[in-house]
Amino acid sequence: MSIGKLMLVLHAHLPFVRHPEYEHFLEESWLFEAISETYLPLLRAMDRLEADAVPFRLCISISPTLSSMLRDELLQQRYLRHVDLCLELAEKELDRTASQPEFQNLARMYYELYSANRLDFEEKYSRNVLKGFDYHAKRGRLELITTSATHAFLPMYQSYPEAIGSQIHAAVDQHVEVFGKAPKGFWLPECGYHPGLEHYLRDAGIEYFFTAAHAVVFAHEKPHFGVYKPVACPNGVAVFGRDAASANSVWSSDEGYPGDPNYRDFYRDIGYDLPLDYIGPYIHENDVRIPTGFKYYAISGKQPEKWPYDPAAARETVAAHSENFVYKQRRLMGKLGELMGSTPVVTSPYDAELFGHWWFEGPMWLESVIRKIHATDGEIELVTPSQVLKEEAPAQTLQPAFSSWGNNGYSEVWLDHTNDWVYRHTHKAIERMIDLVDRYPDESSLRERMLNHAAREVLLCMSSDWPFIMRAGTNVSYALRRVREHVHNFTRIYDSLSSGDISTDWLTKIEKRNNIFPNLDYRIFRRLSSTIEQSNVIKMR
Amino acid sequence: MNVEQLNQLTTENLRHLADHYDVDYSEDTESYELAEMVFEAVDEARAERDRSNNNAVSVQEKKFEVGRDNGFALTEVITDGDGETFSIDPLYADTRLVLLLRDPAWAYAYWEIAPADIQRLTNEEGFEGLFLRVYELQTGIASSREAVSSFEIPVQIDDTSWYINLPNQGTYYRIALIAVVNGVVDSLAQSDTVVVPLGASALDTGGDSTSDKVLTESGLLSMQVETYEGRVPQRILSLLDE
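Top line first, the protein sequences correspond to chains Z and U.
Sequential numbering of the first sequence, starting at 1, is according to the working numbering.
Sequential numbering of the second sequence, starting at 542, is according to the working numbering.
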């Protein structure tokens, strides 16, 4: 008998990074690393579960920017080039470590990993790993959902309903194009919610979304079951609040599982350790050292000297940690069941790239958790959001509160002194885009192409990743470039439409470069009547 | 980037970085000293950011670890592959005012005054200055102008943004940019209304102990959320000790 329902939600997202104008572009490796370390290993874990007839249910949000890149032929070719380079390095590493068995085993592990990646990518998925997710979705194991078109942090756009609507509708359209059916759920980027957002979601046919715990806990009225039952917004769209406690045991590098000394160290990499004359071809041009993905050391606790990574020890730790996670879930659900008098629903969302990229053993842990849950004989039930909503109506109607899962729970990550200047420009671009639709409501041919691309550039400049990176301070010049690039491109089109001075060569160039949302219709930014704005006004208390 | 790589930068670029990171240096500071000072400043800024990051933000940062500047922004010329620079105008020659909510206690305002308006104001002999008037409203209805209270923040003619401390939570605010000429106020621009949440749990408004206990299990203290107004009620804290 089920004592609780566990909803594991993975949010897979990377910003749109594609630079055909360069033969090699460093930031494209964000995607390549995620394919190698997260998406393919997760798919292999699902395949193993299928092969062993272990049933599972997961919810995965795949951002439109990510799905665009995964389907892009240029990036697919470049991924193959990347994985071939990794294989070449693995072969060299097998030679270099011949007299160091503890490292040679690891070099072999990487050789096998990249060989499997190459085979799966090229042969199994015909270069499009989305096929793997679609395969499991069609068999009812995955519920695939979407997020805003370019991962805009929506609370920053409250005054621009057209922009919020565009982000949501473009995302839903893209999802239908990729997976052949409309998503029922929506991942709010960074769990960024502001009251009224549910109206835009319902307009796009969305039935539920996820929030930070305090969106529900700090609602204007007390949620009877905390975050352990779905609630409904006043307009009926369902909300699943994040269970912070179970999330932290997985997220935290200090107190959570990923910080265990036996796990592979994320930072120590031969890209930094080995001489330039050896590692040079595998790092960035001009001898800029970057991680290669070949990491030979374990986290090793607090002592200065790290010990070599031992995959067998890591596997044992994974088994213990998955056991502990299931034990904690069982204990929590038992306690909640007594208090609530009904079956709790525990919502555990994670960044998908946590699994495999940062936490190398993450996909193995997830697989192990699923196997152990299966072994509980239905005591803990893995569920998808739609399944929950089919089985039970939201427990309560309430108005969630403004919130995010960022630092201190609100907008400070995406609005501080490092990035606040961005909004002056993105807001202006939105205002001008809406004006353009007013001025050119029904264009065709070249002018329509220009308007469609203008809309594309507006969406791209709204990405939450650029202000996030500016604050993180790790790759600021690139984030600055991207905001400036998209605002610049948009403004050039805007000015060209006024002056009639149109460079088709330039337009073709930027259409080819920023080729996301090829079927985007600029009218998506048409001015909304005041009805939806008025419906966003909510009572506070 | 390490000190060695910083040493390879031009003095101009190093000084640019030093200014960006508020490094205190003089014209006599040698390049190698400046490189070390910049490195330390960046390292310190990064450590400060790491300390303030919660788990979700820390994990996300790992996605973008591979990068060309590793925190040393502004050293790269921003161009496309064909050498085109992505220039954007800093301002748009409009008079406008926008208010964005950062958290239940702070909002960010940015504004711009059109050059024609600036000229008109500064040409007036009786121009006394500008201020932001912050209105607390009774409702969030866009057309409502019924203020519960208001306060003012003086700003300069060349200011374009301000972080505003909001005195109350669970309410509504909007702001206006106001010029004073000969003692007469002239409202140049108004913002939309922002809805400010309570920023705290409504737990102690009722006596439902079952739901209070469920909420403690919701990880009330592990949400890593700044709470305002009521904080976590004592009654709930005592439940956590049980």
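All C-beta atoms, glycine included, are put in the ideal place defined by N, C-alpha and C.
Owing to the predicted nature of the structure, the values given are computational and were not obtained by experimental measurement.
According to DSSP, is residue i part of a helix, a strand, or is it coil?
{"i": "Lys5/Z", "result": "strand"}
{"i": "Phe325/Z", "result": "helix"}
{"i": "Gln731/U", "result": "strand"}
{"i": "Phe133/Z", "result": "helix"}
{"i": "Tyr714/U", "result": "strand"}
{"i": "Glu412/Z", "result": "coil"}
{"i": "Ile373/Z", "result": "helix"}
{"i": "Leu142/Z", "result": "strand"}
{"i": "Cys233/Z", "result": "coil"}
{"i": "Ser535/Z", "result": "Low per-residue confidence applies at Ser535/Z: pLDDT is 44, beneath 50, and the placement is therefore not dependable enough to give any value."}
{"i": "Val178/Z", "result": "helix"}
{"i": "Tyr257/Z", "result": "helix"}
{"i": "Arg264/Z", "result": "strand"}
{"i": "Asn706/U", "result": "strand"}
{"i": "Tyr494/Z", "result": "helix"}
Mind checking residue i: buried by the 16 CB within 10 Å criterion, or exposed?
{"i": "Ser348/Z", "result": "buried"}
{"i": "Pro441/Z", "result": "exposed"}
{"i": "Asn519/Z", "result": "exposed"}
{"i": "Thr397/Z", "result": "exposed"}
{"i": "Tyr110/Z", "result": "buried"}
{"i": "Thr626/U", "result": "exposed"}
{"i": "Leu119/Z", "result": "exposed"}
{"i": "Glu499/Z", "result": "A small correction: the amino acid at residue 499/Z is Ser; Glu does not occupy that position in the sequence shown. Exposed: under 16 other Cβ atoms inside 10 Å."}
{"i": "Arg596/Z", "result": "There is no way to answer for residue 596/Z, as the model of chain Z reaches only from 1 to 541."}
{"i": "Val345/Z", "result": "buried"}
{"i": "Ala51/Z", "result": "exposed"}
{"i": "Arg527/Z", "result": "exposed"}
{"i": "Asn595/U", "result": "buried"}
{"i": "Gln158/Z", "result": "buried"}
Give me, in chain order, the residues of the same chain whose beta-carbon lies closer than 6 angstroms to that of residue i; leave out the 5 immediate sequence neighbours on both sides.
{"i": "Glu544/Z", "result": "One cannot answer for residue 544/Z here, as it falls past the ends of chain Z, which runs 1 to 541."}
{"i": "Ile542/Z", "result": "Residue 542/Z lies beyond the residue range present for chain Z, which begins at 1 and ends at 541; the question has no answer from this structure."}
{"i": "Phe266/Z", "result": "Trp358"}
{"i": "Pro291/Z", "result": "Asp269 and Gly271"}
{"i": "Leu662/U", "result": "Phe668 and Ala720"}
{"i": "Tyr282/Z", "result": "Leu89 and Thr292"}
Which same chain residues, not among the five before or five after residue i, have their C-beta less than 7 angstroms away from its C-beta?
{"i": "Pro385/Z", "result": "Met7, Cys59, Glu143, Gly185, Tyr208 and Phe240"}
{"i": "Arg108/Z", "result": "Leu94"}
{"i": "Ser115/Z", "result": "Leu87"}
{"i": "Tyr651/U", "result": "Val639, Thr701 and Ser702"}
Expressed to the nearest angstrom, what Euclidean distance is found between the alpha-carbon atoms of residue i and residue j?
{"i": "Arg449/Z", "j": "Ser404/Z", "result": "36 angstroms"}
{"i": "Phe294/Z", "j": "Tyr257/Z", "result": "22 angstroms"}
{"i": "Thr426/Z", "j": "Arg432/Z", "result": "10 angstroms"}
{"i": "Thr571/Z", "j": "Phe225/Z", "result": "There is no way to answer for residue 571/Z, as the model of chain Z reaches only from 1 to 541."}
{"i": "Tyr278/Z", "j": "Glu33/Z", "result": "21 angstroms"}
{"i": "Asp310/Z", "j": "Lys328/Z", "result": "27 angstroms"}
{"i": "Asp438/Z", "j": "Arg481/Z", "result": "30 angstroms"}
{"i": "Ala614/U", "j": "Gln77/Z", "result": "Since pLDDT at Ala614/U reaches only 45, below the 50 mark, its modelled position is unreliable, and no value is offered."}
{"i": "Gly180/Z", "j": "Ser759/U", "result": "37 angstroms"}
{"i": "Asp699/U", "j": "Lys390/Z", "result": "57 angstroms"}
{"i": "Ser750/U", "j": "His194/Z", "result": "28 angstroms"}
{"i": "Glu88/Z", "j": "Ile370/Z", "result": "35 angstroms"}
{"i": "Leu641/U", "j": "Arg44/Z", "result": "44 angstroms"}
{"i": "Val696/U", "j": "Arg643/U", "result": "20 angstroms"}
{"i": "Phe525/Z", "j": "Ile62/Z", "result": "23 angstroms"}
{"i": "Arg592/U", "j": "Ser599/U", "result": "10 angstroms"}
{"i": "Val422/Z", "j": "Glu27/Z", "result": "21 angstroms"}
{"i": "Arg75/Z", "j": "Pro738/U", "result": "A small fix is needed here, since residue 75/Z is Leu in this sequence, not Arg. Approximately 43 angstroms, taken between the alpha carbons."}
{"i": "Asp465/Z", "j": "Leu31/Z", "result": "14 angstroms"}
{"i": "Asp243/Z", "j": "Asn286/Z", "result": "46 angstroms"}
{"i": "Phe56/Z", "j": "His169/Z", "result": "30 angstroms"}
{"i": "Pro308/Z", "j": "Asp260/Z", "result": "14 angstroms"}
{"i": "Val178/Z", "j": "Asn515/Z", "result": "15 angstroms"}
{"i": "Thr150/Z", "j": "Phe16/Z", "result": "8 angstroms"}
{"i": "Ala152/Z", "j": "Leu558/U", "result": "29 angstroms"}
Which residues in the same chain as residue i place their Cβ atom closer than 8 angstroms to its Cβ, once the five residues preceding and following it in sequence are excluded?
{"i": "Asn248/Z", "result": "Glu255 and Gly256"}
{"i": "Phe218/Z", "result": "Ala401 and Ser403"}
Quiz item: Between the region 145 to 164 of chain Z and the region 53 to 68 of chain Z, do at least 3 Cβ pairs fall closer than 8 angstroms?
Solution: yes
Self-check item: the region 297 to 305 of chain Z / the region 697 to 717 of chain U touching (three or more Cβ pairs under 8 angstroms)
Solution: no
Quiz prompt | Stretch pair the region 231 to 239 of chain Z + the region 333 to 341 of chain Z: three plus CB contacts closer than 8 angstroms | solution = no
Self-check item: Three or more C-beta pairs below 8 angstroms linking the region 446 to 461 of chain Z and the region 473 to 480 of chain Z
Solution: no
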